[in-house]
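If you count the sequence shown from 1, position 74 lands on 128 in my numbering, and the numbers rise without skipping.
One structure below.
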Amino acid sequence: MKDFLDRRIHDLEAAGLRRSLRPLTSPQGREIVLEGRRVLNFCSNDYLGLAADPRLAQAAKEALGRRGFGAGASRLVCGDIDEHEALEDELAQFKHAEASLLFSCGHMANTGIIPSLVGRGDAVFADKLNHASLVDGVMLSRAAFHRYPHARMDVLEDMLNKAEDIPRKLIVTDTVFSMDGDVAPLGDLCALAKKYDAWVMVDEAHAFGVLGPTGAGLVEEMSLGDAVHVQMGTLSKAAGSYGAYGAGSRALKEVLLNTARSFIFTTGLPPLVAAASRCALGIMRAESWRRSTLIENARCMRAALQQAGFDTGHSTTPIIPVMIKDAARAADISRKLLARGFFVSAIRPPTVPVNTARLRVTVTALHTAEDITGCVEALKDVF
Ligand SMILES: Cc1ncc(COP(=O)(O)O)c(C=O)c1O
55 MKDFLDRRIH
65 DLEAAGLRRS
75 LRPLTSPQGR
85 EIVLEGRRVL
95 NFCSNDYLGL
105 AADPRLAQAA
115 KEALGRRGFG
125 AGASRLVCGD
135 IDEHEALEDE
145 LAQFKHAEAS
155 LLFSCGHMAN
165 TGIIPSLVGR
175 GDAVFADKLN
185 HASLVDGVML
195 SRAAFHRYPH
205 ARMDVLEDML
215 NKAEDIPRKL
225 IVTDTVFSMD
235 GDVAPLGDLC
245 ALAKKYDAWV
255 MVDEAHAFGV
265 LGPTGAGLVE
275 EMSLGDAVHV
285 QMGTLSKAAG
295 SYGAYGAGSR
305 ALKEVLLNTA
315 RSFIFTTGLP
325 PLVAAASRCA
335 LGIMRAESWR
345 RSTLIENARC
355 MRAALQQAGF
365 DTGHSTTPII
375 PVMIKDAARA
385 ADISRKLLAR
395 GFFVSAIRPP
405 TVPVNTARLR
415 VTVTALHTAE
425 DITGCVEALK
435 DVF
């Protein structure tokens with residue numbers, strides 16, 4: 055095996071695709087201590103700046119006192135801790151859904167939900183830029199997998215048209231695409247689903263807490279709650295916590311609870327994590343300034359990058375790609391930015407398609423106007 059591993063490492067290095075972990079010795083936030091240096095952080099998904107909020111830590115501490123640390127076993131096996139159920143009720147309310155079911159993380163939600171709904175003989179239709187966890191969920195389901203080019207509703211319609219005899223058809227899409235920051239054409243997608251009798255599942259990981267009048271996501275923003283059958287989202291991004299949910303009807307929850315393998319065959323989240331998420335939901339409801347500042351910061355960052363001549367794709371959200379194309383060059387620019395005190399990660403294949411390497415700039419509610427100007431000026435210098 056040693057030869058194989060050494061060759062793999064060599065090949066990754068030669069292709070400019072070798073990744074490594076960088077020591078972080080501070081909480082997440084606008085400013086972090088990375089590899090021993092204080093730098094401004096432009097790559098987290100902590101959109102509302104809640105990951106290090108002392109109120110979440112306090113809520114977790116109190117839950118630790120009340121319920122201890124571990125959940126002990128699967129929630130179906132040794133009693134369901136009240137924090138989990140309370141969070142599920144609050145999430146359902148926040149998402150305007152009848153019910154929700156918690157999963158330990160977003161990857162597990164997607165790999166659990168999809169195989170619970172479709173299997174051999176069924177078909178899934180998916181945007182080519184969907185998150186890897188949705189791809190993994192479809193592969194585990196063994197349903198036929200049809201991928202349409204990004205946002206191409208004409209191709210989706212063609213595929214649905216040819217699949218009329220398939221018993222169960224599921225369309226899955228990110229609502230905000232995690233590496234491009236653009237939004238799915240959800241209105242058109244739902245209209246096609248209705249026309250061809252397909253179900254719709256959305257991944258709101260990057261829309262939850264960010265889009266919509268109350269921050270519930272793109273489905274809320276577009277008033278499409280009745281047309282979307284499954285709303286998945288994560289608590290690890292704007293909520294600053296950890297975990298994920300599938301929201302929809304009471305019957306959906308019942309089926310997922312009984313059939314989603316990544317729910318059944320895993321230990322429940324530590325109760326203190328659920329308590330921190332409940333606290334985050336409360337803050338998201340009460341402090342709408344975080345969402346409006348975030349949106350304004352995203353607008354300023356996008357405008358400044360575009361004015362400097364950078365290609366930011368079709369981003370309309372706090373995720374703003376700066377297209378570089380070449381993977382090694384993207385990594386080099388990221389390194390030089392870090393040397394100047396700006397942490398902006400380079401995103402390379404296989405996370406994005408070959409020759410579309412980019413810097414993925416994300417802003418949060420905590421960035422200042424000076425932070426944004428400083429980052430764009432540094433990028434101009436090193437580009
Ligand atoms: C769109 C999307 N879905 C799902 C996930 C997985 O969520 P988690 O980190 O909670 O596993 C992520 C990122 O992590 C994501 O960007």
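Even for Gly, the Cβ is constructed at its ideal location relative to N, Cα and C.
So does residue i have its beta carbon nearer than 7 Å to some heavy atom of ligand 1?
i    : result
G322 : no
D100 : no
S295 : no
D257 : yes
A197 : no
A298 : yes
S369 : no
H204 : no
D181 : no
T288 : yes
S442 : The requested residue 442 is not part of the displayed model; the chain covers only 55 to 437.
A143 : Note on residue identity: the sequence assigns Asp, not Ala, to residue 143. Flag unset: Cβ of D143 not near ligand 1.
G263 : no
S316 : no
S187 : yes
C97  : no
C244 : no
G235 : no
D57  : no
D228 : yes
N164 : yes
G173 : no
S232 : yes
G191 : no
Determine the closest residue to residue i out of the options, with distance taken between C-alpha atoms.
i    : options                : result
A69  : L75, R61, R76          : R61
K160 : Y202, D57, Y299        : A quick correction: the sequence has Gly, not Lys, at residue 160. Checking every option, the nearest Cα to that of G160 belongs to Y299.
S399 : I387, V408, P407       : I387
A382 : A270, R402, Q147, F364 : R402
E341 : G302, A292, L359       : A292
H204 : G367, D380, M338       : G367
L171 : F319, A384, V327, A314 : A314
L310 : V87, L156, A419        : L156
D242 : M207, L214, D212, D219 : M207
L326 : V93, Q112, L94         : Q112
F199 : A393, S187, L224       : L224
T165 : P407, A385, T320, A384 : T320
A432 : H421, P404, K390, V408 : K390
I167 : V430, P407, A153, K307 : K307
E211 : G235, C132, C244, V230 : C244
F262 : L194, R201, L348, A125 : L348
D236 : P404, D190, V408, T370 : T370
G297 : N312, A270, S331, L265 : S331
Any heavy atom of ligand 3 closer than 7 Å to the Cβ of residue i?
i    : result
H150 : This structure lacks ligand 3; the ligands present are ligand 1.
My assumption, with CB atoms under 8 Å, is that residue i sits in contact with residue j. Please give the rounded CB distance.
i    : j    : result
R174 : R196 : 5 Å
A163 : M286 : 5 Å
L323 : S158 : 6 Å
G103 : R353 : 17 Å between Cβ atoms; not a contact.
L392 : V87  : 13 Å between Cβ atoms; not a contact.
R14  : E152 : Residue 14 lies beyond the stretch modelled for the chain, which goes from 55 to 437, so this question has no answer here.
Determine the contact status of residue i and residue j, defining contact as a CB-CB distance below 8 Å.
i    : j    : result
E116 : A329 : yes
P372 : R414 : no
F185 : A105 : Going by the sequence as given, residue 185 is His instead of Phe. Contact: no.
V417 : I426 : yes
E85  : P77  : no
A281 : A217 : no
D150 : G279 : Correcting the residue identity first, residue 150 is His in this sequence and not Asp. Yes, these two residues count as a Cβ contact at 8 Å.
D251 : A238 : no
A334 : L71  : no
K379 : A358 : no
F96  : F317 : no
D100 : G363 : no
N351 : H421 : yes
TODO: Would you list, in sequence order, the uninterrupted beta strand (DSSP E) runs of no fewer than 3 residues that lie entirely inside the stretch 110-166?
DONE: 153-157
TODO: Output the residue ranges of the beta strand (DSSP E) runs that lie fully inside the stretch 172-245 and measure 3 residues or longer, sorted by chain position.
DONE: Those beta strand (DSSP E) runs which fall completely within the stretch 172-245 and span 3+ residues are 177-181, 198-202, 223-228.
Task: Contained alpha helix (DSSP H) runs [length at least 4] in the stretch 261-331, N- to C-terminal order - done: 272-275, 304-313, 315-318
- [ ] Please list the segments of the beta strand (DSSP E) lying wholly inside the stretch 351-430, counting only runs of 3 or more residues, in order along the chain.
- [x] Counting only runs of 3 or more, we get 373-379, 399-401, 411-416.
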